[in-house]
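Here's the structure we're looking at; comments come further down.
Protein chains: 2
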Amino acid sequence: MEGRPIRKKTSLTDSKNTRQDILDIAAKLFSQRGYNGTPLRDIADAVNMKAGSLYYHFDSKEQMVLEVFTLGIESIHNTVLERVKVLAKNSPTRSILVAAATGHLEALLEKGDYSSTSIRNFGQMPEPIKSKVMVIRDKYESLWRDWLSEGLRNGEIKEGIDLSIFRLTVLGALNRTLEWYRPGKHSVEQIAEMQIGFFWDGIANKKV
Amino acid sequence: MEGRPIRKKTSLTDSKNTRQDILDIAAKLFSQRGYNGTPLRDIADAVNMKAGSLYYHFDSKEQMVLEVFTLGIESIHNTVLERVKVLAKNSPTRSILVAAATGHLEALLEKGDYSSTSIRNFGQMPEPIKSKVMVIRDKYESLWRDWLSEGLRNGEIKEGIDLSIFRLTVLGALNRTLEWYRPGKHSVEQIAEMQIGFFWDGIANKKV
DNA sequence: GTCTATAAGGCGATAGAC
DNA sequence: GTCTATCGCCTTATAGAC
């Protein structure tokens, strides 16, 4: 679940806390208004600082957003792994995918400022940042690659499925959930179960 | 297919052409770099104008992007309708969904600057624009609502499926295709067929 | 660690010449 | 219809006081 590590607040320095506060606010605003739509002044205001003071903690706005991206993707990666690793060894692929989808949505929807920033703003980032982010994103996607190819190997997934297109389609559907999900009617677990249900079982009525 | 209507270029006024050129460039840049990441100067440069001259054709940057959004969603709507209406009456729901997905992807991926702007930038727009756009977007989504509820009614879709969540999941998957599809290996028709195949038939191996 | 002050340039938008 | 010129404001980032 990865709660933020507790740090003692010494009178000598609370720099780590402040840095964390800034990143939290930045992630929230970047997610809501976009990177280019969020001036440093707004971030500073929200942590009761002047814009210039941010430069004690960060070298540039780009460094800030890169850190938000990294933590965001790592958050998804870790949450998904935690959800999956509590399953019994050799669990059916369907259960693994439901657990993974639940973790993915949990990271995205419930503790989601960092991860949603990484989903929403990636396309508009300058190339050097994109390349760095793609490395860790690809590491995360490899988890899905492995689960799916194992499912195909052991016969749980039918042959003739393009696993690459499938993976991108599932992750796309999960990521877009960010744009419409509102807490209330359904829990995140329920959404994940439904969505993987569509993909695994289909919606066709086979009784006819 | 909705090619742009041909206009004669009179020596008296080619204002409609210029206006269209500006919108085309704006859509392209908004889609690639985001609304807030695209200065009017860049749009003007690309049409060999000075930034101030754009105001002869548009009242504001916001008016420009609103127009791009509107045309983008209408483009998806129209392309989807064209793909579906060539089907035989009473075609199976699966065929309708494949045709609709093909049209959706076609609008998004092949003539996509307007429609991809509307997908990528919606979340970061100010509230008044969002509300206006949601009206036409909802009209488009109603097409899917109708096809799905008809499929449920006539027994092609199995009972117990939450059609609302399903619709949002499918459209989410289609919209996210924008972020990973590259022409070459597969055509847009093939991607649509595969994606609806996942959702309709599932990927589970039922022979086991 | 945070402040004030400011540099240096970019932004959307307007006015008036042509 | 497009230009030049400019307004007023906002932006990221830096320098030095406290």
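Protein sequences appear in the order of chains L and Y. Residue 49 is where the first sequence starts when you use the working numbering, and the numbers rise one by one after that. Residue 49 is where the second sequence starts when you use the working numbering, and the numbers rise one by one after that. Note that CB positions come from ideal geometry on N, CA and C, so glycine has one too. Given the structure is predicted, the values throughout are model-derived calculations rather than measurements.
Exercise for the section: Please determine, among L:K76, L:K233, L:L88, L:K255, the residue with the shortest C-alpha to C-alpha distance to L:K159. Expected result: L:K76
Handout entry: Bridge partner(s) assigned by DSSP for Y:A335
Key = For chain Y, the structure presents residues 49 to 256; residue 335 of chain Y sits outside this window and is missing.
Exercise for the section: Below 7 Å between beta carbons is the criterion; list the residues of the stretch 161 to 184 of chain L that meet it against any residue of chain Y, in chain order. Expected result: R168, G171, Q172
Practice task
Report the residues of the stretch 194 to 219 of chain L with a CB closer than 7 Å to any CB of chain Y, ordered along the chain.
Solution key: So the list reads G203, E204, I205, K206, I209, D210, I213, F214, L216, T217, given in the order they occur along the chain.
Handout entry: Meets three-Cβ-pair contact criterion under 8 Å: the stretch 112 to 129 of chain Y and the stretch 195 to 212 of chain Y
Key = No, the stretch 112 to 129 of chain Y is not in contact with the stretch 195 to 212 of chain Y.
Problem - Interface flag, L:R89 vs chain Y, CB-CB below 8 Å - result: no
Practice task
Whole angstroms is fine: what's the gap from Y:I54's alpha carbon to Y:G120's?
Solution key: Model confidence at Y:I54 stands at a pLDDT of 48, short of 50, so the residue's coordinates are unreliable and nothing is read from them.
Exercise for the section: Express the C-alpha separation of Y:Q243 and L:L129 in angstroms, rounding to a whole number. Expected result: Distance between L:L129 and Y:Q243, taken at the CA atoms: about 26 Å.
Practice task
Would you kindly work out how many angstroms separate the C-alpha atoms of L:Y162 and Y:R230, rounded to a whole number?
Solution key: 27 Å
Exercise for the section: Leaving aside the five residues before and after Y:A74 along the sequence, list all residues of the same chain whose C-beta is less than 8 Å from its C-beta, in chain order. Expected result: T86, I91, M112, V113, V116
Handout entry: Cross-chain neighbours of L:Q243 in chain Y, by beta carbon under 7 Å
Key = T217
Handout entry: CB contact below 8 Å: L:E227 versus chain Y
Key = It does; some Cβ of chain Y falls within 8 Å.
Problem - Within chain Y, the residues that L:R230 reaches when beta carbons sit closer than 9 Å - result: Neighbours of L:R230 on chain Y: none; closest Cβ ~11 Å, over 9 Å.
Exercise for the section: With a threshold of 16 other CB atoms inside 10 Å of the CB of L:L60, please say whether the residue is buried or exposed. Expected result: Reliability fails at L:L60, whose pLDDT of 47 lies under 50, so the model's placement of it is uncertain and no value is given.
Problem - Simplified DSSP state of Y:P140, which is helix, strand or coil - result: coil
Problem - From Y:L88, Y:D93, Y:N96, Y:H234, residue whose alpha carbon lies closest to that of Y:F106 - result: Checking every option, the nearest Cα to that of Y:F106 belongs to Y:L88.
Handout entry: Proximity of Y:L153 and Y:T225 at Cβ, strictly below 8 Å
Key = Contact flag set, yes.
Problem - C-beta neighbour in chain Y for L:F247, strict 8 Å - result: Taking Cβ atoms only, chain Y reaches closer than 8 Å to L:F247, which makes this a yes.
Exercise for the section: Under 8 Å by Cβ, that's how I've got Y:S197 and Y:L219 pegged, so tell me the actual separation to the nearest angstrom. Expected result: Not quite, the Cβ-Cβ distance comes to about 15 Å (not below 8 Å), so this is no contact.
Handout entry: Cutoff 7 Å; reference L:T150; Cβ partners in own chain excluding five residues on either side
Key = Excluding positions up to five away in sequence, the list reads R131, V236, E237, A240.
Practice task
Within 10 angstroms of the Cβ of L:G82, are there 16 or more other Cβ atoms? Answer buried if so, exposed if not.
Solution key: buried
Practice task
Consider the Cβ of L:G82: report whether some Cβ of chain Y lies at a distance smaller than 8 Å.
Solution key: Chain Y, which has a Cβ nearer than 8 Å to the Cβ of L:G82, makes this yes.
Exercise for the section: Flag this pair as yes or no: are the beta carbons of L:F247 and Y:G250 separated by less than 8 Å? Expected result: yes
Exercise for the section: Under 8 Å between beta-carbons, which chain Y residues line up against L:N96? List them in chain order, please. Expected result: In chain order: nothing, as chain Y lies at least about 25 Å away.
Practice task
Buried or exposed for Y:T141, please, with buried defined as at least 16 other CB atoms from any protein chain shown within 10 angstroms of its CB.
Solution key: buried
Exercise for the section: Could you name each continuous alpha helix (DSSP H) segment of 4 residues or more that falls completely within the stretch 94 to 161 of chain Y, going from the start of the chain to the end? Expected result: 109 to 133, 141 to 153
Exercise for the section: Compare the C-beta of Y:N253 with all C-beta atoms of chain L and state if any pair is closer than 8 Å. Expected result: yes
Problem - Y:V181 versus L:L102: straight-line alpha-carbon distance, rounded - result: 36 Å
Practice task
Out of Y:R168, Y:I144, Y:Q68, state which residue places its alpha-carbon closest to the alpha-carbon of Y:G199.
Solution key: Y:I144
Practice task
Check the Cβ of Y:G85 against every Cβ in chain L and list those closer than 7 Å, keeping chain order.
Solution key: N84, Q172
Practice task
Note down the Cα distance separating L:G51 from Y:S108, rounded to an integer number of angstroms.
Solution key: For L:G51, the predicted structure reports a pLDDT of 45, less than 50, and the residue's modelled location is therefore unreliable. A value from the coordinates is still provided. Cα-Cα distance, rounded: 45 Å.
Exercise for the section: Determine the DSSP secondary structure at L:W228, reduced to helix, strand or coil. Expected result: coil
Exercise for the section: Establish whether the CB of Y:L60 and some CB of chain L are separated by less than 8 Å. Expected result: With a pLDDT of 47 at Y:L60, under the threshold of 50, the predicted position of this residue should be treated as unreliable, and no value is reported.
Handout entry: chain Y contact residues for L:G100, given Cβ-Cβ distances below 9 Å
Key = Within 9 Å Cβ-Cβ: nothing; L:G100 doesn't reach chain Y, min ~22 Å.
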